[in-house]
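Peer 1: Numbering-wise, the working numbering comes out as the position in the sequence shown, counting from 1, plus 718. Just passing along the structure, written as structure tokens.
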Amino acid sequence: MRTYLVVIDESRESEIAMRFAARRAVKTGGGIEILALIPAPEFVQWGGVMATMEEEAMQRAQALVAGAAGTLLEESGLKPSINVSRGDGAKIVRDMIAANPDIAALVLGAAPDGSPGPLVTHFAGVDAGKLPVPVMIIPGDLDREAIDRLS
Numbered sequence: 719m720r721t722y723l724v725v726i727d728e729s730r731e732s733e734i735a736m737r738f739a740a741r742r743a744v745k746t747g748g749g750i751e752i753l754a755l756i757p758a759p760e761f762v763q764w765g766g767v768m769a770t771m772e773e774e775a776m777q778r779a780q781a782l783v784a785g786a787a788g789t790l791l792e793e794s795g796l797k798p799s800i801n802v803s804r805g806d807g808a809k810i811v812r813d814m815i816a817a818n819p820d821i822a823a824l825v826l827g828a829a830p831d832g833s834p835g836p837l838v839t840h841f842a843g844v845d846a847g848k849l850p851v852p853v854m855i856i857p858g859d860l861d862r863e864a865i866d867r868l869s
């Protein structure tokens, strides 16, 4: 089955990328794989503080993914695969694509102002042309009607 890998965070552009991917998946009979990334923690001298910070980041990511999955199911009827991973985002994305031959595209939302985001910058620059699947970069300032029309 054709699967769209969508990386989400708490930004509006990731919501837009999710909607675009969901509409494409419905139209093509495909599925959605949601990935929430937790950055590798910076070293904190006190281990207990660091463990608490890591646990809070994991809980936020899991709540984010659960909310996105619920919205996706409600709006499109699609039940996504869910992943929450800690570490280098670009490496995790590459590893997921390599491990799952059903992934047909990586869908990323680009911030409408300033830097488009670290993964967009990476996969449109450093790794442009190196992935075995297309990278779809969705502009972060599209409204629902534009997303529906373009998808």
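Ideal placement from N, C-alpha and C gives every residue a C-beta, glycine not left out. Given the structure is predicted, the values throughout are model-derived calculations rather than measurements.
Cα-Cα, which of R730, M719, Y722 is closest to G827?
Peer 2: Out of R730, M719, Y722, R730 has the C-alpha closest to the C-alpha of G827.
Peer 1: Can you look up G788 in the DSSP assignment and give me helix, strand or coil?
Peer 2: G788 carries a helical assignment under DSSP once its states are collapsed to helix, strand and coil.
Peer 1: With DSSP as the reference, label V811 as helix, strand or coil.
Peer 2: helix
Peer 1: Measure how close the beta-carbons of V783 and L755 come, nearest whole angstrom, since I'm counting them as under 8 Å.
Peer 2: The pair is not a contact, with the Cβ atoms about 11 Å apart (cut-off 8 Å).
Peer 1: In angstroms, rounded to a whole number, what distance separates the CA positions of A735 and A817?
Peer 2: If I take the Cα positions, the gap works out to 22 Å.
Peer 1: Helix or strand or just coil, what does DSSP make of A822?
Peer 2: strand
Peer 1: Taking the alpha-carbon of G785 as reference, which of L753, G858, G847 has the nearest alpha-carbon?
Peer 2: L753
Peer 1: What's the C-alpha gap between R804 and D813?
Peer 2: 13 Å
Peer 1: Would a C-beta distance cut-off of 9 Å place R720 and D845 closer than the cut-off?
Peer 2: no
Peer 1: Does any heavy atom of the ligand PLP sit closer than 8 Å to the C-beta of V838?
Peer 2: This structure simply doesn't include the ligand PLP, nor any ligand for that matter.
Peer 1: Would you mind working out which of D859, G843, V811 sits nearest L723, comparing C-alpha positions?
Peer 2: V811
Peer 1: Are the CB atoms of A864 and L837 nearer to each other than 9 Å?
Peer 2: no
Peer 1: Given a threshold of 16 other Cβ atoms within 10 Å of its Cβ, counted over all protein chains shown, does L868 qualify as buried or as exposed?
Peer 2: exposed
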